[in-house]
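Participant:
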Amino acid sequence: MKPVGPIDLADIRAARERIAGAAIRTPLVRLEAAGASAEVWLKLECLQPIGSFKIRGAANAMALADRARLARGVYTGSAGNMAQGVAYEAGRRGIPCRVIVPDTAPAAKLDAIARLGATAVPVPFAEWWTVLRDHGHPGEDGFFVHPVSDPAVIAGNGTIGLEIVEDLPGVRAVVVPFGGGGLSCGIATAVRALRPDARVFAAEVETAAPLAASLRAGRPVDVAYTRSFVDGIGGAGLLPAMWPLARALLAGSRVVSLEDVCGAIRLLAERAHVVAEGAGGAAVAAGLAGLPGVGDGPIVAVVSGGNIDARVLAAILEDRAP
Numbered sequence: 000m001k002p003v004g005p006i007d008l009a010d011i012r013a014a015r016e017r018i019a020g021a022a023i024r025t026p027l028v029r030l031e032a033a034g035a036s037a038e039v040w041l042k043l044e045c046l047q048p049i050g051s052f053k054i055r056g057a058a059n060a061m062a063l064a065d066r067a068r069l070a071r072g073v074y075t076g077s078a079g080n081m082a083q084g085v086a087y088e089a090g091r092r093g094i095p096c097r098v099i100v101p102d103t104a105p106a107a108k109l110d111a112i113a114r115l116g117a118t119a120v121p122v123p124f125a126e127w128w129t130v131l132r133d134h135g136h137p138g139e140d141g142f143f144v145h146p147v148s149d150p151a152v153i154a155g156n157g158t159i160g161l162e163i164v165e166d167l168p169g170v171r172a173v174v175v176p177f178g179g180g181g182l183s184c185g186i187a188t189a190v191r192a193l194r195p196d197a198r199v200f201a202a203e204v205e206t207a208a209p210l211a212a213s214l215r216a217g218r219p220v221d222v223a224y225t226r227s228f229v230d231g232i233g234g235a236g237l238l239p240a241m242w243p244l245a246r247a248l249l250a251g252s253r254v255v256s257l258e259d260v261c262g263a264i265r266l267l268a269e270r271a272h273v274v275a276e277g278a279g280g281a282a283v284a285a286g287l288a289g290l291p292g293v294g295d296g297p298i299v300a301v302v303s304g305g306n307i308d309a310r311v312l313a314a315i316l317e318d319r320a321p
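Letter 134 of the sequence shown, counting from 1, is numbered 133 in numbering that gives the first Met the number 0, and no numbers are missing.
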């Protein structure tokens, strides 16, 4: 698979104009947390119309798509949030949408796909991963929106970085959940162009942290994968096409425990009155723990989404293992 080429600030600024009718400018608020090692701010992408940042990349990719091909419909491969982003934008445009989902996708996200008018096509996890690797699925027609390694998607994600620097010019670091790298690399492109001394870190969870292992090895490596309630990030390996960008743009990966993620989700609910899914909780947990070379901040944690199963959230709020 060919590496994804770099995007630049002009690409991201153009994306902001294209997605203005779909995505909102989300708030940046300070997290009041006693005992935190740094000043932490929250970029609340969980407040997007679909409850996730994915609407930004989906809207930009579809705005740039060939009109004739797009008219035949659109499809993506997603565990949930990108599915909702593509389905939402397809609904706005009046075109059909199909979603190739892994058979491990949580019920809350499958319900959301149906609610938005899209059709979910469950496949085994290995087959779903092949869709991401090969940028498509045999037998599907229409325009394929890759959830990660598409320059248009990455540029749409990068609009978050524009907003962070504009709203908090003194930001010293941004910590971003790392799934495939499209979110963190998009944000890092914008932040590094506008605030070169600020650093962008990935947040991973201990049950699936391929970026941290790959950075240590100096090359993409596979890791042991344990399924958990943190379904928006983590896997057994990296998409090879994203490795060069991630290695060049990110300052490192902060790996947190499932217990830390649960604590961050409870803290967000109690102090910030925000519902976050596991990926967003991981970024907050990493920010609260402190980041190397950043001191006391300010640090922005990207709360990437809020699409968490109600039963999982209830267990976390009751201090039970989900």
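Glycine residues also receive a C-beta, built at the ideal position from the N, C-alpha and C atoms.
1. Does the beta-carbon of Ala125 have 16 or more other beta-carbons within 10 angstroms, so that it is buried, or is it exposed?
2. What residue does the alpha helix (DSSP H) around Pro243 start on, and which one ends it?
3. Just reading off the beta strand (DSSP E) that Val254 is part of, what are its end residues?
4. To the nearest angstrom, report how far apart Asp196 and Ile6 are at their CA atoms.
5. Quick check: the stretch 106 to 118 against the stretch 53 to 69, are there 3 or more CB pairs under 8 Å?
6. Taking three-plus beta-carbon pairs below 8 Å as touching, is the stretch 201 to 210 in contact with the stretch 218 to 231?
7. For Gly155 versus Thr188, is the C-beta distance shorter than 8 Å?
8. Hey, is the stretch 67 to 81 in contact with the stretch 134 to 154, meaning 3+ C-beta pairs nearer than 8 Å?
9. Excluding sequence positions up to five away, which residues of its chain have a Cβ less than 6 Å from the Cβ of Asp259?
10. In terms of residue numbering, what span does the alpha helix (DSSP H) encompassing Thr158 cover?
11. From Ala216, Phe177, Arg215, pick the residue whose C-alpha is nearest to that of Gly277; which is it?
12. How many whole angstroms separate the CB atoms of Gly304 and Cys45, which I take to be in contact at a CB cut-off of 8 Å?
13. When you compare each of Ala271, Gly292, Leu131, Ala268 to Gly251 by their alpha carbons, which one comes out closest?
14. Helix or strand or just coil, what does DSSP make of Val175?
15. Taking the alpha carbon of Asp308 as the point to measure from, which residue in Gly231, Ala37, Gly34 has its own alpha carbon closest?
Facilitator: From the atom records:
1. For the purposes of this step, residue 125 is identified with residue 126 of the sequence shown, where counting begins at 1. Ala125 should be labelled exposed.
2. As a working mapping, residue 243 is identified with position 244 in the sequence shown. That run of the alpha helix (DSSP H) goes 242 to 248.
3. Sequence index remark: in the sequence shown, residue 254 carries index 255 (1-based). Taken as a continuous stretch (DSSP letters only), the beta strand (DSSP E) holding Val254 covers 252 to 255.
4. In the sequence shown, residue 196 corresponds to position 197, counting from 1. In the sequence shown, residue 6 corresponds to position 7, counting from 1. Cα to Cα, the separation comes out at about 19 Å.
5. No: the two stretches stay apart, fewer than three of their Cβ pairs being nearer than 8 Å.
6. The stretch 201 to 210 is in contact with the stretch 218 to 231.
7. On the sequence shown, position 156 is the one that residue 155 refers to. On the sequence shown, position 189 is the one that residue 188 refers to. The Cβ-Cβ distance between Gly155 and Thr188 does not fall below 8 Å.
8. Short answer: they touch.
9. Position 260 of the sequence shown, counted from the first residue, corresponds to residue 259. Within the same chain, Asp259 has close Cβ partners Ala284.
10. Taking the first residue of the sequence shown as position 1, residue 158 is located at position 159. In the DSSP assignment, Thr158 falls within the alpha helix (DSSP H) that extends over 150 to 166.
11. Mapped onto the sequence shown, residue 277 falls at position 278. Of the listed residues, the one whose Cα sits closest to Gly277 is Phe177.
12. Mapped onto the sequence shown, residue 304 falls at position 305. Mapped onto the sequence shown, residue 45 falls at position 46. That belief holds up - the Cβ atoms of Gly304 and Cys45 are roughly 5 Å apart, short of 8 Å.
13. As a working note, residue 251 is residue 252 in the sequence shown. Looking at the Cα atoms, Gly292 is the closest of the given residues.
14. Start at 1 with the first residue of the sequence shown, and residue 175 comes out as number 176. DSSP places Val175 in strand when its eight states are reduced to three.
15. Position 309 of the sequence shown, counted from the start, is the residue given in the question as residue 308. Nearest of Gly231, Ala37, Gly34 to Asp308, Cα basis: Gly231.
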